[in-house]
Amino acid sequence: MNEKTRHRLRRVEEKNVRIRHIPRELDAIWAGLQQELGEGQVVTRACMSNLIIYCDDDDQTLEVNEALPRIVSAHPCRVILLTGLGYTGEPGLDVFVSGLYSKLPGGLQVSAELIRVIADSSARKRLAPVARAHLVGDLPTTLWWASHEPAPFLGETFNPLTAMADQIIYDSFGWQSPTKGMQAMSRWVQAQSAEYVIYNLAWRRLKYWRNLLSQVLDPAVQPNALSAVSKLHIEHGPHAVAMSSLLVGWLASLLGWRVEGGKVVAGKQTVWQFSIGNRRVPVTLTRLVEAPPGPSRIDWRWREGSAERRAVFADLGGDRIGVVEVESDIPVRLLHAPAACQADLVSAQMAHRARDRVFERALETGNSMTSVLLG
1 MNEKTRHRLR
11 RVEEKNVRIR
21 HIPRELDAIW
31 AGLQQELGEG
41 QVVTRACMSN
51 LIIYCDDDDQ
61 TLEVNEALPR
71 IVSAHPCRVI
81 LLTGLGYTGE
91 PGLDVFVSGL
101 YSKLPGGLQV
111 SAELIRVIAD
121 SSARKRLAPV
131 ARAHLVGDLP
141 TTLWWASHEP
151 APFLGETFNP
161 LTAMADQIIY
171 DSFGWQSPTK
181 GMQAMSRWVQ
191 AQSAEYVIYN
201 LAWRRLKYWR
211 NLLSQVLDPA
221 VQPNALSAVS
231 KLHIEHGPHA
241 VAMSSLLVGW
251 LASLLGWRVE
261 GGKVVAGKQT
271 VWQFSIGNRR
281 VPVTLTRLVE
291 APPGPSRIDW
301 RWREGSAERR
311 AVFADLGGDR
321 IGVVEVESDI
331 PVRLLHAPAA
341 CQADLVSAQM
351 AHRARDRVFE
361 RALETGNSMT
371 SVLLG
């Protein structure tokens, strides 16, 4: 579906229904749309998979619900949107059904059947059975854990949902307890990665930074930059310590760095000591109050003979990242790095169902990094 069609997606008015009536009411959506058509026109359904989404509360559910057209226009699916703690008209669960569709020359195409289930404080454990009963059979299932809580922290809710999924998507950006969250999630992934395709959206957000570092510090371009690294300092915006740590984990796993120690300083800095052969390399993350989300500046230093050389990379604004010429000893290089919204990241990931071994190794190294911080 092209961009023009994406913006023309229409919603079927949401209807409050009883759980046992969900299939009937979904059929009614089809019947109602068919009545709008002329002779020879038909209603068709595009459905590539199931998408289960777990949100913490009504506010987050509203944000995700508004983003759904961007997801289903790229990846049509049945959507089961779960709210862990929301407002319900009566005790227990509230259920709503609706749909998203577009007009085509031959009729209408339904891109999503949407089942929205809201639980109060007593009914969260009932979300998984409702979701399981309404999956489209013989199609792959993605679980998008949209919660701001790391999934293992809500294991009673998370684990039953994983039993239905082939692919699990989460996002470490915005975690309130990033160090504990990274440790819990990396351990869970390490134990379960053989069962599922697991993916952190922060990894996709780091794509352009990883490309830039790979291009500029390639041994064919800068022979000693990687092998003789002496110091690394990363500045990042609010809520991005987990993402920046994942970037360090990627570097450490590729370059064979071994973490020897670490500490959190005054809540704004995270410091690690890595060993490379018989050398120690300090790595520091610094949180800036006013900075874009994610890494904003990377200061990479290495030894070349008796001299120290330096490459500074930064978010330059205007969807560009690159080498800061006045602070670096290397030629300028710029990279176009357009920011992607969360919905586009999710739809892109749903299309890729193979395991990412590089990501998994970075996460495994991240587990060692968080372990030394937590003792």
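If you use UniProt numbering, the sequence shown closes out at 375, no skipped numbers anywhere.
Even glycine gets a Cβ: it sits at the ideal position worked out from N, Cα and C.
Pairwise C-alpha distance: residue j and residue i
{"i": "HIS148", "j": "PHE173", "result": "8 Å"}
{"i": "LYS103", "j": "ALA112", "result": "14 Å"}
{"i": "ILE286", "j": "GLN269", "result": "The question names Ile, but residue 286 in the sequence shown is Thr. Taking the straight line from one Cα to the other gives about 5 Å."}
{"i": "GLY32", "j": "GLY99", "result": "11 Å"}
{"i": "ARG78", "j": "CYS47", "result": "7 Å"}
{"i": "residue 376", "j": "PRO295", "result": "This structure cannot speak to residue 376, because the chain is shown only from 1 to 375."}
{"i": "ARG309", "j": "ILE169", "result": "39 Å"}
{"i": "TRP203", "j": "THR61", "result": "23 Å"}
{"i": "PHE158", "j": "ALA146", "result": "11 Å"}
{"i": "LEU26", "j": "VAL97", "result": "7 Å"}
{"i": "GLY267", "j": "PRO178", "result": "11 Å"}
{"i": "ARG126", "j": "ALA252", "result": "42 Å"}
{"i": "VAL64", "j": "ALA119", "result": "16 Å"}
{"i": "ILE52", "j": "GLN35", "result": "30 Å"}
{"i": "GLU327", "j": "PHE274", "result": "25 Å"}
{"i": "ASN367", "j": "SER121", "result": "32 Å"}
{"i": "ARG70", "j": "TYR208", "result": "22 Å"}
{"i": "ASN2", "j": "ALA348", "result": "Only weak support exists for where ASN2 lies, its pLDDT of 46 falling under 50; the coordinates are left without a value."}
{"i": "TRP257", "j": "SER73", "result": "42 Å"}
{"i": "VAL95", "j": "ARG124", "result": "13 Å"}
{"i": "ARG20", "j": "ALA194", "result": "35 Å"}
{"i": "LYS4", "j": "ALA242", "result": "Note that LYS4 scores a pLDDT of 48, beneath 50, so its modelled location is shaky; the value from the coordinates is reported in the next line. Rounded to the nearest angstrom, the two C-alpha atoms are 36 Å apart."}
{"i": "LEU374", "j": "GLU364", "result": "16 Å"}
{"i": "SER244", "j": "LEU9", "result": "36 Å"}
{"i": "TRP30", "j": "ARG353", "result": "30 Å"}
{"i": "GLU304", "j": "SER230", "result": "10 Å"}
{"i": "GLU66", "j": "PRO219", "result": "45 Å"}
Exposed unless 16 or more other CB atoms sit within 10 angstroms - verdict on residue i
{"i": "GLN215", "result": "exposed"}
{"i": "ASP319", "result": "exposed"}
{"i": "THR141", "result": "buried"}
{"i": "PRO91", "result": "exposed"}
{"i": "ASP171", "result": "buried"}
{"i": "ARG205", "result": "buried"}
{"i": "ASN211", "result": "exposed"}
{"i": "GLY106", "result": "exposed"}
{"i": "ASP58", "result": "exposed"}
{"i": "GLN167", "result": "buried"}
{"i": "PRO338", "result": "exposed"}
{"i": "TYR87", "result": "exposed"}
{"i": "ASN16", "result": "exposed"}
{"i": "CYS341", "result": "exposed"}
{"i": "GLN192", "result": "exposed"}
{"i": "ASN50", "result": "buried"}
{"i": "residue 380", "result": "The requested residue 380 does not occur in the structure, where the chain is confined to residues 1 to 375."}
Per-residue DSSP class, three states only, for residue i
{"i": "GLN35", "result": "coil"}
{"i": "ALA202", "result": "helix"}
{"i": "VAL289", "result": "coil"}
{"i": "THR44", "result": "strand"}
{"i": "residue 383", "result": "Because residue 383 is not part of the residues shown, which for the chain are 1 to 375, the question remains open."}
{"i": "ARG355", "result": "coil"}
{"i": "LEU100", "result": "strand"}
{"i": "GLY366", "result": "helix"}
{"i": "PRO219", "result": "coil"}
{"i": "ALA123", "result": "coil"}
{"i": "ARG280", "result": "strand"}
{"i": "ALA112", "result": "strand"}
{"i": "LYS268", "result": "coil"}
{"i": "TYR196", "result": "coil"}
{"i": "GLY155", "result": "helix"}
{"i": "ALA128", "result": "helix"}
{"i": "GLY249", "result": "helix"}
{"i": "PRO178", "result": "helix"}
{"i": "ARG20", "result": "helix"}
Cutoff 6 Å; reference residue i; Cβ partners in own chain excluding five residues on either side
{"i": "ARG132", "result": "MET164"}
{"i": "ARG333", "result": "VAL216, GLY322, VAL323"}
{"i": "VAL110", "result": "ARG45, GLY99, TYR101"}
{"i": "LEU81", "result": "ILE53, ARG116"}
{"i": "ASP315", "result": "PRO292, SER296, ILE321"}
{"i": "ALA240", "result": "PRO293, GLY294"}
8 Å CB neighbourhood of residue i in its chain, flanking five on each side removed
{"i": "TRP188", "result": "ALA151, PRO152"}
{"i": "LEU232", "result": "VAL248, LEU251, VAL281, PRO282, VAL283, THR284, ILE298, ASP299, TRP300, ARG301"}
Cutoff 7 Å; reference residue i; Cβ partners in own chain excluding five residues on either side
{"i": "residue 378", "result": "Any question about residue 378 goes unanswered here, given that the chain covers just 1 to 375."}
{"i": "ALA128", "result": "PRO160, LEU161"}
{"i": "ILE330", "result": "VAL216, GLN222, ALA311, VAL323"}
{"i": "ALA351", "result": "HIS75"}
{"i": "HIS134", "result": "ILE22, ILE80, ILE115"}
{"i": "HIS336", "result": "ASP319, ARG320"}
Test: residue i CB closer than 8 Å to a CB of chain B
{"i": "VAL12", "result": "In the structure shown, chain B does not exist; there is a single protein chain."}
_Taking 8 Å as the cut-off, does the segment 196-214 touch the segment 346-365 (at least 3 CB pairs, one atom from each stretch)?_
Short answer: they touch.
_Three or more C-beta pairs under 8 Å: does that hold for the segment 299-306 against the segment 220-227?_
Three or more Cβ pairs closer than 8 Å define a contact, and the segment 299-306 meets that threshold against the segment 220-227.
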